[in-house]
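For my numbering, add 3 to where a residue sits in the sequence shown, where the first one is 1.
A short worksheet on the structure shown next.
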Amino acid sequence: MAYTHVDKPIRIGAIELKNRIFRPAHGTVLGQGTMNERLIAYHEARARGGAALSILEVGSVHPTSAFCLNIFDPAIEGGMRELVDRCAPHGMRIFQQLWHAGQHIVPADGSPPWAPSDNPGVETGIVPVAMTKTMIDTIIGAYVDCAVRMERYGLDGVDVHCAHGYLPSQFLSANTNRREDEYGGPFDNRARFILELLAAIRSAVSADFVVGVRVAPDLTVGGNDVDDNIRIAQLLEARGLIDYVNVSIGNYNSYTKMVGGMHEPMGYEMPTSVPITRAVKLPTMVVGRYRTLEECDQLIRDGDADMVGLVRAMIADPDLVNKSLAGKADRVRPCIACNQACVANVVYLWQSGLQCTVNVGAGNEQTLGDHRLVPAAEPKTVLVVGGGPAGLEAARVAALRGHKVILAEADSHLGGTLRAAARAPTRHQMGDILTWLEEEVYRLGVEVRLSSYMDENDVIDTGADAVIVATGSLPRMDGVIGSHPGQPVKNIDRKGVISPLELFMYPPEDLGRSAAVIDDVGHYEGMAAAEHLIQKGLSVTYVTRQRMFGQLIQGALMVEPFLTRMAGKPFRQITRMRPIAIEPGHVVIGPVVLTDETTDIERLEADTVVIVTANRSNRQIFDALSERNSDIRVVGDANSPRFLETAIREGHIAGATI
């Protein structure tokens, strides 16, 4: 398509950006505090893919707030210079975000955090030290020192993070600033830290070095609202201290809004962002779960911002900009905003760093991804048995490498259990990656055989040189619960007891008026079943033996939005309880610690009972053929039932290594 704005250059301060797409700062922890080869390769891939600007993840300006990039450490210079040299040939400019977390991070030496007042951080629970004037001057000096060094290292600018509840916004917010000196009280005093900070930075760097600010309404009562953000942005603009305004949303009291999942619509941040962008004359940047250049072009055309940030969309496909500008937008691998491997890995798997559910190359650019694929030295006939996400990815990658690929699927449709997942409320975008994979295998000439059930003899009869078994898994309806493997749920075979797969794909005609969801896993499946049943008009009780609700999906920021949607609905959650027996119209549950089943039990009304347990691998073909020492490998749930990111990863590796 023809774009009207997003592909046009823009000038910010003294520099020109080649288009209107930027990559906002986002935690990757790929560098583990440094700028290492892994992090350089990650950004280089997005530079090669067409982004005009990347703002590097939070750069810690002082040891009291060490985290993603410890730019206070002079040892980072070599890596930063290497990053600049590697990205420059692709025309991507680089800014460094300057950051101090304040109350939200505990210093590495175990001492208390530094903050405006002694309010404990909502994430850490630790009471910080209220900063003295000397501490304030020290931190401002640290910001300045880091800004100066970033210019010396060859970067193009700095993005001063005054949003998301970090130290500058803690000074600005009346919720976290309870000071009684010149830095507390009325707005002008609470704004003093930010104004002094930006003035000090602006006076220390050259006029050609870009200085910008990131702001965000925090969505908390008594916090930094839209008007506060407009006032601080206008003050900074009026004093000539900044070259642009970068607008986001939320803080750690509204964490799920900072990185909205697939339940949020495209542009969900605009109601609070646009009043700010329209209140200043400087160039403005916004984010808001945008995924395509067409969406970004419309936003800019409407005058709501000058640049649009794409983080997860370019994690999923680093070549998004170049593909789209070349008229190949349909070839862009879609982000599904599941947050399962990008956000969750950063939040809970710090040492593994950012990855991506749909793109195995993200965070692994040195070893994996489409850009690492090489043509097969000896093209073979490859049979992929199973057309779910693992099988589709395996077939796609093998075909890209030049193999002749046959994909056999027993069902009349491709997709496997991903089709069921996409039917869940708010999860329809799970189907986007399925559509993309399906279109790609057909485009690449894969021979797709639907309604083609295969056993080991059928596999042998194809004469394939190599076989990838991706036959998925089946619900395990044996009543075994992890906490009590020797005490299966009684009467599990009673009518009305179904799996989530049955609920979404082959539901009973009459679900009744009440339901219980028994979740032994703790991922999104149980929540999806509960919400689906409520939409069907049933009252639902969710029961899990786990210590917390949705424990495996916490890091993806999906639990609070789900519970918000459940407010006022006939939904009840019960943790640390296990099912004991299923009776007509009821489920009997008891405490996980229960040994005597005659006490402390409860009978829940339930016409329908959905049992969510770990599936059982459907791997008979692999087991039968592996004994013959043939070139055969097993991937995805057929290997072991896990989650989507693992299925796609294993499929990719199988296709890449034949």
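Note that the Cβ used here is the ideal one computed from N, Cα and C, for glycine as well.
Worksheet item: Counting Cβ pairs, one atom from each stretch, are 3 or more of them under 8 Å apart for the segment 221–232 and the segment 148–157?
Response: no
Discussion item. How far does the beta strand (DSSP E) with H589 in it extend, from its first residue to its last?
Written reply: H589 to P594
Worksheet item: Can you list, in chain order, the residues of its chain whose CB lies under 6 Å from that of G270, leaving out five sequence neighbours each side?
Response: G291
Worksheet item: What are the boundary residues of the alpha helix (DSSP H) that includes G654?
Response: L647 to T660
Worksheet item: Along the chain, where does the beta strand (DSSP E) that runs through P582 open and close?
Response: M580 to E586
Discussion item. Do G356 and T578 have their beta-carbon atoms positioned less than 7 Å apart in this structure?
Written reply: no
Worksheet item: If you draw a straight line from the alpha carbon of P573 to that of D10, how long is it in whole angstroms?
Response: 49 Å
Practice prompt. Mark P321 as exposed unless 16 or more other C-beta atoms lie within 10 angstroms of its C-beta, in which case mark it buried.
Written response: buried
Item to complete: Kindly indicate which residue of A104, S114, T141 and I139 has the alpha-carbon position closest to the one of E126.
Response: A104
Worksheet item: Quick one: any contact between the segment 78–94 and the segment 47–65, if contact means 3 or more CB pairs under 8 Å?
Response: Touching, yes.
Practice prompt. Give a yes or no on whether the C-beta atoms belonging to V470 and I651 are separated by under 7 Å.
Written response: no
Discussion item. Please report the distance separating the alpha-carbon of V520 from that of Q554.
Written reply: 15 Å
Worksheet item: Closer than 7 Å, CB to CB, is I556 near chain B or not?
Response: Judged by its chain identifiers, the structure shown contains no chain B, having just a single protein chain.
Worksheet item: Which residues in the same chain have their Cβ closer than 6 Å to the Cβ of G485, if we skip the five residues on either side of it in sequence?
Response: D523
Worksheet item: On the premise that R336 lies in contact with N362, defined as a C-beta separation below 8 Å, what is that separation, rounded to the nearest angstrom?
Response: 6 Å
Practice prompt. Give every residue of the same chain whose Cβ lies closer than 6 Å to the Cβ of G658, excluding the five residues on either side of it in the sequence, and list them in chain order.
Written response: Correct list, in chain order: A397, V400 and A401.
Worksheet entry | Of the listed residues D246, E297 and S257, nearest to K284 (C-alpha basis) | D246
Fill in: Integer-rounded CB distance, given that M261 should sit under 8 Å from H167
6 Å
Practice prompt. Excluding the 5 residues preceding and the 5 following F646 in the sequence, name in chain order all residues of the same chain whose CB lies nearer than 7 Å to its CB.
Written response: Close CB contacts of F646 within its chain, under the 7 Å cut and outside five residues either way in sequence, are with Q343 and H526 (chain order).
Worksheet item: First and last residue of the alpha helix (DSSP H) that includes A241?
Response: V229 to A241 is the span of the alpha helix (DSSP H), which, as asked, contains A241.
Worksheet item: Mind checking Q358: buried by the 16 CB within 10 Å criterion, or exposed?
Response: buried
Worksheet item: What is the rounded straight-line gap between the Cα of E512 and the Cα of V595?
Response: 33 Å
Item to complete: Provide the residue(s) that pair with Q99 in DSSP beta bridges, ordered along the chain.
Response: L59 and V161
Worksheet entry | Residues of its chain near T7, where Cβ-Cβ distance is below 7 Å and the 5 sequence neighbours each way are ignored | D300 and R304
Discussion item. Our contact map puts A518 next to D610 with C-beta atoms below 8 Å; I'd like the distance itself, whole angstroms only.
Written reply: 7 Å
Discussion item. Which residue marks the beginning of the beta strand (DSSP E) containing T547, and which one marks its end?
Written reply: S542 to T547
Worksheet entry | E459 burial status per 10 Å Cβ neighbour count (16 or more: buried) | buried
Worksheet item: Going along the chain, which residues of its own chain have a beta-carbon closer than 6 Å to the beta-carbon of V451, five neighbours each way excluded?
Response: L410
Worksheet item: Does the segment 134–147 come close enough to the segment 80–89 to have 3 or more Cβ pairs within less than 8 Å?
Response: no
Worksheet item: Fully enclosed by the segment 296–350, which beta strand (DSSP E) runs are 3 residues long or longer?
Response: 310–312
Worksheet item: How about C165 and V216: do their beta carbons lie closer than 7 Å?
Response: yes
Worksheet entry | Every unbroken alpha helix (DSSP H) within the segment 37–89, with a cutoff of 4 residues, ordered by chain | The qualifying runs are 40–51.
Item to complete: Taking T465 as part of the alpha helix (DSSP H), name the residues at either end of that continuous run.
Response: First-last for T465: undefined, no H or E at that position.
Worksheet entry | Alpha-carbon spacing of R281 relative to T67, whole angstroms | 36 Å
Worksheet entry | Residue range of the alpha helix (DSSP H) that includes A533 | Segment Y527 to Q538, the alpha helix (DSSP H) holding A533.
Worksheet item: Which stretch, first to last residue, makes up the beta strand (DSSP E) that contains F212?
Response: First-last for F212: undefined, no H or E at that position.
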